[in-house]
Amino acid sequence: MGFELTEEQRLIQSMAREFAINEVAPLAERIDRDGEFPTVARNRLAELELTGIPTPAEYGGGGADYVSYALVIEEIAKVCASTAVVLAVHTLAQAPILKFGTPEQKAKFLPMLAGYKALGGFALTEAGAGSDAGALATTAVLEGDHYVINGTKTFITNGDGAGVMIVMAKTGPGEGTKGISAFIVEKNESPYTVGKHEDKMGVRGSHTTELIFKNCKVPKENLLGKIGQGFKVAMATLDGGRIGIAAQAVGIAQACLDESVRYSKERKQFGRPIAANQAIQWMIADMAKDVLAARLLVHNAAALCDSGQPFSLEAAAAKLFAAETAMKHSIKAVQINGGYGYIRGAKVERLMRDAKITEIYEGTSEVQRMVISGMTLR
Ligand SMILES: Cc1cc2nc3c(=O)[nH]c(=O)nc-3n(C[C@H](O)[C@H](O)[C@H](O)COP(=O)(O)OP(=O)(O)OC[C@H]3O[C@@H](n4cnc5c(N)ncnc54)[C@H](O)[C@@H]3O)c2cc1C
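Using the UniProt record's numbering, read the sequence shown as starting at 1 and increasing by one per residue.
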C-alpha cells in the first residue's frame with residue numbers, strides 16, 4: 001500500500017469535504033437535537049453519486065475503491081456522524097448483493113440502492129442475539145415459491161426508511177450458524193412492521209428501529225447466497241462494514257482535534273491562550289498522533305480489501321483502534337473546552353455522544369478483540 005492518495009481519491013475527498021462543510025454541517029446540530037433523519041443530505045449524496053461508492057459502475061455505482069469510500073465517510077463524520085452512519089449502512093447493504101448475489105439480484109437491487117431509489121439496511125441483531133449473532137431466532141420457512149419469515153430484529157439502522165433490507169434468519173433450526181440464511185427483503189413486495197423507534201444518546205439523526213416480521217412472504221429467488229450460508233454472508237458484510245464505521249470514528253476523532261485546536265488557541269485564561277499550557281499541548285499531541293494512526297489503519301484495511309486480499313483482522317484492528325481513539329479523545333476535547341464543552345449545542349458535546357456508538361455497533365470492541373486474538377492465535 002502506498003501512503004499517497006491517488007488523484008481520483010483526492011478528488012472524491014475534496015468533493016465530499018466541500019459537500020460536508022457547506023451542506024451537512026449547517027444541519028448537523030438540528031439533526032442531532034431533533035433526531036431528524038438527514039433527508040436533505042441524503043438526497044444530495046445521491047445527486048453527487050456518493051450512495052454506492054464502491055459498487056461497480058455497471059450496476060449504477062461509483063465504481064471507486066474502499067479507500068475512497070473511507071475518505072468520504074470520514075469527511076461526512078467530521079461534521080455529522082448521523083449522516084455518515086446512514087450512508088455507511090446504506091452502502092453496507094450493497095456489499096453482500098455484490099459478493100453473493102445472483103446476476104438477476106445484482107441487476108435488480110444494486111442500481112436501486114446505488115442510485116438511491118431505495119435506502120438500504122442490514123438486519124442481524126435480535127433481543128437474544130447481539131454479539132452472539134449466531135443465536136438469532138427469526139425463522140424463514142420455504143412454502144411453495146416463498147420463504148415465510150417470522151421474528152423480530154432490534155436496533156436496525158435505517159429501519160423505518162429502508163426499501164431494501166438484508167435479513168438473516170434461521171432456515172435450519174438446530175444447525176447452529178450453518179442453519180442461518182440471508183434474504184433480500186424488499187419492503188414494498190414483502191411488507192413487515194416497523195416497531196419501537198429508539199431514542200438514542202448519539203447518532204440521533206440515524207433512525208434505529210425494531211423490525212417485526214409476521215408471516216412476511218419473501219420470493220424464494222431473494223435468498224442471498226446458498227441456503228445455510230447466511231452467517232458467512234453476514235460476517236463478510238461486517239468485515240467491509242467495519243471499514244466504514246472505523247472511518248466514521250476517524251472523522252469524529254479528527255473533529256475533536258480540530259475543535260480542541262481552535263478552542264485552545266481562542267480561549268484565554270491567566271492572561272494567555274490555554275494552548276500555551278503544556279497540559280493542553282500534550283492532550284492535543286496525543287490526539288493528533290492517534291488520529292494519524294487510526295486513519296492509517298483504516299486505509300490499510302481498505303487497501304487490502306481493494307486488492308482482494310484477506311482483511312478481516314485489519315478491519316477489526318482499524319475499527320477497534322479508531323473507535324477507542326474517538327471515544328478517548330472526545331472526552332479530552334470536552335475537557336479542553338471546559339464548561340462550554342459540556343453544554344448542549346457545543347460541538348464537542350455531540351462528538352462525545354456520537355463517539356460512544358463506534359465502540360458498540362458492527363461488533364463491540366470486545367468482539368473486535370475476539371476477532372483479532374482468534375486470528376492471531378490460530
Ligand atoms: C445505534 C445502533 C445501531 C445499530 N444498527 C444495527 C444494524 O443496522 N443492524 C444490526 O443488525 N444491528 C445493529 N445494531 C446492533 C449492534 O450491532 C449490537 O448492539 C452490538 O453488536 C452488541 O450487541 P448487544 O447490544 O446485544 O450487546 P451484548 O452482545 O449483549 O453485549 C453486552 C456487553 O457484553 C460484551 N460481551 C458480549 N459477549 C462477550 C464475550 N464473549 N466476551 C467479552 N465480552 C462480551 C459486549 O462487548 C458488550 O460490552 C445497532 C445498535 C445500535 C445501538
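We put the CB at the ideal spot given by N, CA and C, even for glycine.
Note that the structure is predicted; figures quoted are calculated from it, not measured.
One or two residues paired with residue i in a DSSP bridge
| i | result |
| --- | --- |
| Met287 | Answer is none; Met287 lacks a bridge partner. |
| Val185 | Met165 |
| Glu143 | His146 |
| Thr157 | Thr208 |
| Gln99 | Note on identity: in this sequence residue 99 is Lys, with Gln being the wrong assignment. Answer is none; Lys99 lacks a bridge partner. |
| Lys170 | Thr139 and Ile180 |
Under the three-state DSSP convention, the category residue i falls into
| i | result |
| --- | --- |
| Gln269 | strand |
| Leu177 | It is Thr, not Leu, that sits at residue 177 in the sequence shown. Three-state DSSP puts Thr177 in a helix. |
| Asn150 | strand |
| Met201 | coil |
| Thr193 | strand |
| Glu362 | coil |
| residue 467 | The structure shown does not extend to residue 467, since the chain is modelled only from 1 to 378, so the question has no answer here. |
| Ala137 | coil |
| Lys117 | coil |
| Thr51 | coil |
| Phe109 | helix |
| Thr125 | coil |
| Thr325 | helix |
| Glu58 | helix |
| Thr91 | helix |
| Glu6 | The sequence as given places Thr at residue 6; Glu does not occur at that position. Coil, per DSSP. |
| Asp132 | coil |
| Asn277 | coil |
| Arg378 | coil |
| Glu29 | helix |
| Gly251 | helix |
| Ala64 | coil |
| Phe37 | coil |
| Phe80 | Sequence inspection shows Cys at residue 80; the Phe mentioned does not correspond to that position. Cys80: coil per DSSP, three-state reduction. |
Cβ-Cβ distance between residue i and residue j below 7 Å
| i | j | result |
| --- | --- | --- |
| Val89 | Asn188 | no |
| Lys153 | Ala123 | yes |
| Thr138 | Gly151 | yes |
| Glu74 | Ala20 | no |
| Asp160 | Thr193 | no |
| Leu211 | Ile156 | yes |
| Thr171 | Ala140 | yes |
| Val85 | Ala25 | no |
| Leu98 | Val164 | no |
| Phe100 | Leu224 | yes |
| Leu296 | Gln368 | no |
| Gln248 | Ala77 | yes |
| Lys65 | Asp306 | One detail in the question is off: residue 65 reads as Asp in this sequence, not Lys. Cβ atoms of Asp65 and Asp306: closer than 7 Å. |
| Ala81 | Asp354 | yes |
| Ala246 | Val291 | no |
| Gly275 | Lys265 | Residue identity differs from the one stated: residue 275 is Ala in this sequence, not Gly. Cβ distance < 7 Å, so Ala275 and Lys265 count as in contact. |
| Ala322 | Ala346 | no |
| Gly230 | Met168 | yes |
| Tyr116 | Ala46 | yes |
CB contact below 7 Å: residue i versus chain D
| i | result |
| --- | --- |
| Leu71 | No chain D is present in this structure, which holds just one protein chain. |
Near ligand 3: residue i beta-carbon under 6 Å from a heavy atom
| i | result |
| --- | --- |
| Leu124 | Among the ligands modelled here, namely ligand 1, ligand 3 does not occur. |
### Validate contact between the segment 356 to 364 and the segment 333 to 345 using beta carbons, cut 8 Å, 3 pairs
Segments in contact, no.
### Task
Report yes or no: do three or more beta-carbon pairs, one from the segment 58 to 65 and one from the segment 229 to 238, lie closer than 8 Å?
no
### Cβ pair count under 8 Å reaching 3, the segment 255 to 267 against the segment 319 to 334
Inter-segment contact for the segment 255 to 267 and the segment 319 to 334 is present: three or more beta-carbon pairs are separated by less than 8 Å.
### Query
Just checking, does the segment 46 to 55 make contact with the segment 79 to 95 on the three C-beta pairs under 8 Å criterion?
Using a C-beta cut-off of 8 Å, the segment 46 to 55 makes contact with the segment 79 to 95, since at least three inter-stretch Cβ pairs fall below that distance.
### Message
Tell me whether the segment 318 to 330 and the segment 248 to 256 touch, counting them as touching only if at least three CB pairs, one residue from each stretch, are closer than 8 Å.
### Response
They touch, by the three-pair rule.
### Query
Just checking, does the segment 124 to 144 make contact with the segment 192 to 207 on the three C-beta pairs under 8 Å criterion?
no
### Message
At 3 residues or longer, what runs of the beta strand (DSSP E) sit wholly inside the segment 208 to 236?
### Response
208 to 219
### Task
Assess, as a yes-or-no matter, whether the segment 61 to 74 is touched by the segment 35 to 44 under the definition of 3 or more beta carbon pairs within less than 8 Å.
no
### Message
Tell me whether the segment 141 to 151 and the segment 206 to 218 touch, counting them as touching only if at least three CB pairs, one residue from each stretch, are closer than 8 Å.
### Response
yes
### Message
Tell me whether the segment 100 to 111 and the segment 166 to 180 touch, counting them as touching only if at least three CB pairs, one residue from each stretch, are closer than 8 Å.
### Response
no
### Task
Count the C-beta pairs between the segment 241 to 248 and the segment 302 to 317 that are closer than 8 Å, then say yes if the count reaches three, no if not.
Enough Cβ pairs lie closer than 8 Å, so yes.
### Query
Where in the segment 289 to 350 do unbroken runs of the alpha helix (DSSP H), each at least 4 residues long, occur, reported from the N-terminal end onward?
Counting whole runs of 4 or more residues, the segment 289 to 350 contains the alpha helix (DSSP H) stretches 312 to 336.
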